[in-house]
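Going by the working numbering, the first residue of the sequence shown is number 877, and it counts up by one from there. The structure appears below as structure tokens.
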Amino acid sequence: MRQKFEHFLDEANPASRCLLAVLASTPFYIAYWFINLAGLLDPAVRMGLRQPVVWTLQGALVISTGLSIGFVAWLWPRRRDPRPMPRLSLAVTVNIGVIYTLIALFSGTFTTGANMTLLGVLAIGLLLFDLRTMWLSFLVCTGLLVGYDLFVIAGHVPYAPAITRLAFQGPEPQWWWAVWRNVVFYAGLTVIATMLLVMFGRLDAQHRKLNKLSYTDVLTGLPNRRYFMDRLHAEVARQGRTAQPLSLMLIDADHFKRVNDSHGHAVGDEVLTVLARLLGESVRTPTDLAARVGGEEFAVLLPDTTVDEAEAVSWRIHSRLAAHAFQAAGHTFHLTVSIGVAQCRGQSAEVVLKQADRNLYRAKQEGRNRSIYSVDSAPDASEVGA
């Protein structure tokens, strides 16, 4: 459920956000209106209320509900409209904020749970609307709160004007006032706690996205050089402890510059994307790791793999590429790769990487479209043609 809500927050347009805000707040207006009406009609409760003030609040709730119905009628046909709606967003947020501010003022901002409701409304607003809209709404509502408190301090208006002293039995509140106050408090607290969980969940999700972007190649979706080197050092260290085999492959697309020059960079990007996909299909997941480490250069890390076993992986890569025909402007062409493979036998990551790079250089020098293998850094590397 939370994931669906977070997805909505990421994808929703301004009209949908306004609709959600209106539809979520209107039932609370109606509930407040009926609760107030029940109090006005109950003789025991009515004695503890200042009836003109409560009727004024009832009128404000009716007006706000009417505005909300108007917003829904206007927004519903435009719910898929992607254009920004700054004025409407401001009107919706001010309408919601003013009503909850009035409820807090009339019941006593500092002695009831209405202030929790206001904080909950602010939290929801920050999730749905942009910061500028919420700042303007916040200033309007804060102005009402501060202005009224100044009048209270000056003695021109009473604090908590909706209730009288008869709402209390000595220092203790009447049961109906205690129930109303507690319900409002816990409702606001629930909203705030829920929104905090959602916001922290979104923050964690953003952190995960940023972390993924930091080690992912944008074009191919493969891990980038930074992540690959971290994994290579970790696997070499593990291989040193376990004495298990470890192989490294460096792969370079043959004559890739010709692809860009002949068919354009868009086709070149498509070729790299397909090559990345074929590499991913040729290795074990998630044990092995394919990565893009340069422009047209890729690498494959093969833990627990001997150089003989790496030969089978290399053969699959060559075979898949040979079977794939690339299309560009009605022309068909094929891509080949040169591969250098080295098996680690207790050497450092840098030594293994250099040996694989030397083998890749040999593969390109000796005609391309082939793989060169070696077990250590000794110069007598053996060649296996693709």
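By construction, the Cβ of each residue, glycine as well, lies at the ideal position given by its N, Cα and C atoms. This structure is a prediction, so every number in the text was calculated from the model and none was measured.
First through last residue of the beta strand (DSSP E) which encompasses Val1213
Numbered from its first residue, the sequence shown carries residue 1213 at position 337. Note, Val1213: beta strand (DSSP E), Val1213 to Cys1220.
Alpha-carbon to alpha-carbon, Ala936 and Ala967:
Counting from one through the sequence shown, the residue named residue 967 turns up at place 91. Counting from one through the sequence shown, the residue named residue 936 turns up at place 60. Distance from the CA of Ala967 to the CA of Ala936, rounded to the nearest whole angstrom, comes to 15 Å.
Within 10 angstroms of its Cβ, does Val923 collect 16 or more other Cβ (buried), or is it exposed?
Walking along the sequence shown from the start, residue 923 turns up at place 47. The sequence shown places Met at residue 923, not Val. With fewer than 16 other Cβ atoms within 10 Å, it is exposed.
Going by C-alpha to C-alpha distance, which of Asp1130, Tyr1035, Asp1164 and Arg1134 sits closest to Phe1104?
Start at 1 with the first residue of the sequence shown, and residue 1104 comes out as number 228. For Phe1104, the nearest C-alpha among the options comes from Asp1164.
Less than 8 Å between the beta carbons of Leu1095 and Thr1149, yes or no?
To locate residue 1095, count along the sequence shown from 1; it is residue 219. To locate residue 1149, count along the sequence shown from 1; it is residue 273. Yes; because the gap between Cβ atoms is below 8 Å, this pair is in contact.
Which one or two residues does DSSP pair with Leu1122 in a beta bridge?
Residue 1122 sits at position 246 when you count from the first residue of the sequence shown. Pro1179 and Cys1220.
May I ask you to check if the CB of Gly973 is nearer than 7 Å to at least one heavy atom of the ligand GTP?
Because no ligand of any kind appears in the structure shown, any question about the ligand GTP cannot be addressed here.
Gln1050, enclosing alpha helix (DSSP H) - first and last residue
Residue mapping note: residue 1050 aligns to position 174 of the sequence shown, counting from 1. Taken as a continuous stretch (DSSP letters only), Gln1050 belongs to no alpha helix (DSSP H), as it is neither H nor E.
Where Arg1057 sits in the DSSP three-state scheme
Mapped onto the sequence shown, residue 1057 falls at position 181. Arg1057: helix per DSSP, three-state reduction.
Where Leu1229 and Leu1126 are concerned, what is the direct C-alpha to C-alpha distance, given to the nearest angstrom?
The residue you call residue 1229 lines up with position 353 of the sequence shown. The residue you call residue 1126 lines up with position 250 of the sequence shown. Rounded to the nearest angstrom, the two C-alpha atoms are 8 Å apart.
Can you give the Cα-Cα distance for Pro1049 and Ala888, rounded to whole angstroms?
Residue 1049 sits at position 173 when you count from the first residue of the sequence shown. Residue 888 sits at position 12 when you count from the first residue of the sequence shown. Roughly 44 Å separates the two Cα atoms.
Under a Cβ-count criterion, where at least 16 other Cβ atoms within 10 Å of its own Cβ denotes burial, should Arg893 be classed as buried or exposed?
Indexing the sequence shown from 1 puts residue 893 at position 17. Counting Cβ neighbours within 10 Å, Arg893 comes out buried, since at least 16 surround it.
Which of the three DSSP states, helix, strand or coil, is assigned to Asn1154?
As a first step, residue 1154 must be located in the sequence shown, where it is residue number 278. A small fix is needed here, since residue 1154 is Leu in this sequence, not Asn. Of the three classes helix, strand and coil, the one that applies to Leu1154 here is helix, per DSSP.
Between the alpha carbons of Leu1067 and Gly996, how many angstroms are there, rounded?
Residue mapping note: residue 1067 aligns to position 191 of the sequence shown, counting from 1. Residue mapping note: residue 996 aligns to position 120 of the sequence shown, counting from 1. Looking at the sequence shown, residue 1067 is not Leu but Val. A straight line joining the alpha-carbon of Val1067 with that of Gly996 spans about 5 Å.
Taking only runs that begin and end inside the stretch 984 to 1036, name each unbroken alpha helix (DSSP H) of 4 or more residues, in chain order.
990 to 1004 and 1007 to 1030
For Ala897 versus Arg954, is the C-beta distance shorter than 8 Å?
Within the sequence shown, residue 897 is the residue found at index 21, counting from 1. Within the sequence shown, residue 954 is the residue found at index 78, counting from 1. No, the pair does not count as a contact, with Cβ atoms beyond the cut-off.
Spatial neighbours of Lys1240 within its chain, please: CB distance less than 6 Å, with the 5 preceding and 5 following residues excluded, ordered by chain position.
Along the sequence shown, read from residue 1 onward, the residue named residue 1240 stands at position 364. Excluding residues within five positions, the ones whose Cβ falls inside 6 Å are Ser1214.
Name the DSSP beta bridge partners of Pro1099, please?
The count along the sequence shown starts at 1 and reaches residue 1099 at position 223. Bridge partners of Pro1099: Thr1092.
With Arg1168 as the anchor, note down where its alpha helix (DSSP H) starts and where it stops.
Locating residue 1168 in the sequence shown gives position 292, where the first residue counts as 1. Run containing Arg1168: none in the alpha helix (DSSP H); it sits in the beta strand (DSSP E), Leu1165 to Arg1168.
If we count the other Cβ atoms within 10 Å of its Cβ and call it buried at 16 or more, is Phe910 buried or exposed?
Locating residue 910 in the sequence shown gives position 34, where the first residue counts as 1. Phe910 is exposed by the Cβ-count criterion.
What are the start and end residues of the alpha helix (DSSP H) that includes Ala897?
Your numbering for residue 897 matches position 21 in the sequence shown. Pro890 to Leu917 is the extent of the alpha helix (DSSP H) around Ala897.
Per DSSP, what are the beta-bridge partners of Leu925 in this structure?
Here residue 925 refers to the residue found at position 49 when the sequence shown is read from its first residue. The partner list for Leu925 (beta bridge, DSSP) reads Ile1039.
So what does DSSP say about Thr833, is it helix, strand or coil?
Within the shown structure, residues of the chain are numbered from 877 to 1262, placing residue 833 beyond reach of any answer.
Which word fits Leu1122, buried or exposed, when buried means at least 16 other C-beta atoms lie within 10 angstroms of its C-beta?
Within the sequence shown, residue 1122 is the residue found at index 246, counting from 1. Result: buried.
On a CA-only basis, which of Trp1051, Phe1027, Leu978 and Thr969 is nearest Gln934? Give me that one, please.
Along the sequence shown, read from residue 1 onward, the residue named residue 934 stands at position 58. That would be Leu978, whose Cα lies nearest to the Cα of Gln934.
Coarse secondary structure for Ala1129, derived from DSSP in three states
On the sequence shown, position 253 is the one that residue 1129 refers to. Ala1129: strand per DSSP, three-state reduction.
Would you call the CB atoms of Leu1178 and Ala1188 closer than 8 Å?
For the purposes of this step, residue 1178 is identified with residue 302 of the sequence shown, where counting begins at 1. For the purposes of this step, residue 1188 is identified with residue 312 of the sequence shown, where counting begins at 1. Not in contact: Leu1178 and Ala1188 (Cβ atoms no closer than 8 Å).
Give the DSSP-derived three-state secondary structure of Glu1226 in the structure shown.
Taking the sequence shown and counting its residues from 1, one reaches residue 1226 at position 350. Here Glu1226 sits in helix by DSSP.
Would you kindly check if the distance between the Cβ of Ala1167 and the Cβ of Asn1245 is under 8 Å?
Taking the sequence shown and counting its residues from 1, the one referred to as residue 1245 is at position 369. Taking the sequence shown and counting its residues from 1, the one referred to as residue 1167 is at position 291. It is not a contact, given that the beta carbons lie outside the stated cut-off.
Just to confirm, are Asp1128 and Glu1157 a CB contact at a threshold of 8 Å?
Here residue 1128 is taken as the residue at index 252 of the sequence shown, counted from 1. Here residue 1157 is taken as the residue at index 281 of the sequence shown, counted from 1. Cβ atoms of Asp1128 and Glu1157: not closer than 8 Å.
Taking 8 Å as the threshold (C-beta atoms), are Leu994 and Val948 in contact?
Translated into positions along the sequence shown, residue 948 becomes position 72. Translated into positions along the sequence shown, residue 994 becomes position 118. Contact: no.
Local conformation of Ala1257 per DSSP, three classes:
For the purposes of this step, residue 1257 is taken as residue 381 along the sequence shown, with counting starting at 1. Model confidence at Ala1257 stands at a pLDDT of 40, short of 50, so the residue's coordinates are unreliable; what they give is reported in the following sentence. Looking at Ala1257 - three-state DSSP - the assignment turns out to be coil, as it is neither helix nor strand.
So what does DSSP say about Glu1172, is it helix, strand or coil?
Residue mapping note: residue 1172 aligns to position 296 of the sequence shown, counting from 1. Glu1172: coil per DSSP, three-state reduction.
Could you check the C-alpha separation between Gly1171 and Asp1145 for me, to the nearest Å?
Numbered from 1 along the sequence shown, position 295 holds the residue referred to as residue 1171. Numbered from 1 along the sequence shown, position 269 holds the residue referred to as residue 1145. Each residue's alpha carbon lies about 10 Å from the other.
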